[in-house]
Every structure is written in C-alpha cells, then in structure tokens.
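Below is one structure, written out as structure tokens; the observations come after it.
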Amino acid sequence: MKKSIFWRLGSLLIVALLSGCGSTGDLSRGELGILPSSPEKGTLFSYYEAKARSKWQGNWTKILDMTGVSWNDTRTATLIDDQFVVMAAHYTRPSDVPVMFHDRSGQPVERYIVQVRSLAPMADVAVGKLNLPVPASIKRYAFAPMSEVKKGRAVLVTDQTKTVSVHQIQAYQNRMVMLGFVPDIDPIYRRNLIVGDSGNPGRWLRCADARRSHGALD
C-alpha cells in the first residue's frame, strides 16, 4: 500500500545539497540519476564511531557530501554556517551532548551547542550556535528556496540509521510538505520515516555546481 509522510517544514529540513551529484549518472533524471543500475541500499558509513575516525561507505552515496550532518544523536543537527546548526524545534539537542561531525577522511570534529533559538510557531525549526566555528572540511548547507519545492521532485532523505532513502514531494500547503514513495523505484530506496527521524534534512541536487565535487571520496 502506498504511504505518504507528512512533515512540517523544519521537522524534515529541506536544504539544497550543492555538492550533490557527480559527473557520472544520468543527470537529466535529477536526483534519481545518481542511483546505480543495480539497486543498493544508501548506507552512509562502513563503520561509525562518534568520537573516533569513521569510514564513509564506498557506494553510490559517496558523491553526496554529508559531512555537515551530526549523526551521533537522533536529535540531528545540520550545519548551515561556520558556527550554526538547524534542528527540529521539538527535538533539539541539549548542550551537554556533543555535536560530532566527520570530514571526508572520517576524522571527527567535536562541538557543543551553547545557545538555541526556536522559530516556532512560525516553523518547527530551531537554530543552535556552536561553541566554536567548524573547519572548512565540514560541509555547510543552504536552505532551498520554496520555488524549488515542486510536486514530483525527488528528495534524498537521511534518517537515524545513517541511511539515505528516496522520496518525492506529493504536495506542499500551509507550511506542510507531503512526501511519498517514488513510483516504480526499487523498495531498497524506500523507508517509512518514524519517531527519531525528525530534524534529519531532506536534500535535492543542484547538479551544475555539484559536478566539481565528483571524486572527492576516491
């Protein structure tokens, strides 16, 4: 049975992944063009240690720069500036829990949230200030303009299992985005988002900019 998932803008943070797609794949298919010919689960890490070196997976997700997402807690924080992250306002990370990032080589970067400002009720979004700026090796993400929120557009969604799944926009109204599964896509790319996935960013690609980043993990 086809399922749809409703998220307040901010619960599923919609950001543009500027370094999203490489020079391989069918870019005319947008986000779906980066998927391999043989279906493969979008696991991000071969192994993950919050405060130690980790190893990014060598599958199709390696052309996605996910270094700006902090994975060590389900209360996900996503970097939008040198010293600021965004989270779901109803699910913010407390100040005593580290915000761990891992660069492309897997080296950890540790920060802490020292101040939080909620944008609720306007949106279920909170902005957190980190105790120190992060190095340039960690990706910053830009919020996508609402003009790019279009019905049928594929969205790459991460979750608390450190996996990328693929959904599409079914509707947008009253600050609500309705996501559903992409028709005819292999079930391996689908996931029913659950409690604990809030705050994980949804992404789409700007391929003209992204071509320059291909091979960064090779």
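Letter by letter, the sequence shown follows residues 97 to 314 of our numbering. Beta carbons are placed, not taken as given, at the ideal position from N, Cα and C, and that holds for glycine.
Check                                                                                                 : Outcome
Rounded C-alpha distance that separates G224 from A173                                                : 8 Å
Three CB pairs or more closer than 8 Å across the region 198–213 and the region 241–254               : no
Residue environment, G138, which counts as buried when at least 16 other CB atoms sit within 10 Å     : buried
For V165, the nearest candidate out of P190, G154, I284, K258 (CA to CA)                              : K258
With 16 other Cβ atoms within 10 Å as the buried cut-off, status of M196                              : buried
DSSP bridge partner residues for T139 (one or two, in chain order)                                    : T259
Same chain, Cβ closer than 6 Å to W167, five either side skipped, listed in chain order               : K258
Spatially closest choice to R287 from V278, S261, D220, by CA coordinates                             : S261
Whole-number beta carbon distance between V230 and D280, since they are thought to touch under 8 Å    : Contact flag wrong, Cβ pair sits at about 40 Å.
7 Å Cβ cutoff met for D282 and P135                                                                   : yes
Backbone CA spacing between R189 and T170 [nearest angstrom]                                          : 9 Å
Unbroken stretches of the beta strand (DSSP E), 3 residues or longer, contained in the region 209–242 : 209–214, 221–226
Any non-hydrogen atom of the ligand NAD within 6 Å of Q266 CB                                         : Judged by which ligands are present, the structure shown has none, so any question about the ligand NAD falls away.
Burial state of Q269, where buried means 16 or more other Cβ atoms lie within 10 Å                    : exposed
Same chain, Cβ closer than 7 Å to I290, neighbours up to 5 away in sequence not counted               : Below a pLDDT of 50, predicted positions are generally treated as unreliable, and I290, at 46, falls in that range; the measurement from the model is reported next regardless. Here the set comprises nothing.
Cβ neighbours of S191 in the same chain (closer than 7 Å, five flanking residues each side left out)  : Y208, I209, V210
Contact under 7 Å by Cβ, T329 with L140                                                               : Residue 329 is absent from the structure shown; the chain starts at 97 and stops at 314.
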